[in-house]
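As structure tokens, the structure follows; a few thoughts come after it.
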Amino acid sequence: MLDLEDRPLVRSAPAKQWRNWYQVYRRVRVNRRIGVWEPGFTPGPDLFPSKEIAEQYALAFIALCKPEARSWFDHLGAYPEGEGPA
Numbered sequence: 065m066l067d068l069e070d071r072p073l074v075r076s077a078p079a080k081q082w083r084n085w086y087q088v089y090r091r092v093r094v095n096r097r098i099g100v101w102e103p104g105f106t107p108g109p110d111l112f113p114s115k116e117i118a119e120q121y122a123l124a125f126i127a128l129c130k131p132e133a134r135s136w137f138d139h140l141g142a143y144p145e146g147e148g149p150a
């Protein structure tokens with residue numbers, strides 16, 4: 065009477081985690097938890113659930129730095145975990 069069809073499995077992509085990346089121009093001791101950043105492309109230590117949240121934390125991190133230290137690195141953006149700036 066009623067022919068029921070199997071419901072197709074819907075699989076969404078797994079939630080991505082985002083990491084901030086920085087271009088470091090000189091050796092920087094960030095803090096005790098993070099340690100020392102060497103010159104070059106450097107990933108941030110934390111993962112975030114969205115790109116917007118990651119970028120907010122990067123802006124807050126830069127704002128906490130001493131004014132003279134802000135020129136020692138640039139925020140390159142937030143990238144999905146496993147990826148980075150080219």
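Just so we're aligned: 140 in my numbering is position 76 of the sequence shown, and the numbers increase by one with no gaps anywhere.
C-beta atoms are modelled at their ideal positions from N, C-alpha and C, and glycine is treated no differently.
The structure displayed is predicted, hence computed values, not measured ones.
Asked, Found
"Return helix, strand or coil for Leu-68, following the three-state DSSP convention.", "coil"
"Could you tell me the distance, in whole angstroms, from the CA atom of Ser-114 to the CA atom of Glu-69?", "37 Å"
"Between the alpha carbons of Ile-98 and Pro-72, how many angstroms are there, rounded?", "46 Å"
"Does the distance from the C-beta atom of Val-88 to that of Trp-136 stay below 9 Å?", "yes"
"Taking the alpha carbon of Ala-133 as the point to measure from, which residue in Arg-90, Glu-145, Ala-142 has its own alpha carbon closest?", "Arg-90"
"Can you tell me which of the three DSSP states Gln-87 falls into?", "strand"
"Quick check: what's the CA-CA separation for Gln-120 versus Tyr-86?", "14 Å"
"Does the beta-carbon distance from Ala-142 to Ala-118 come in below 9 Å?", "yes"
"Where do the ends of the alpha helix (DSSP H) carrying Leu-128 lie?", "115-128"
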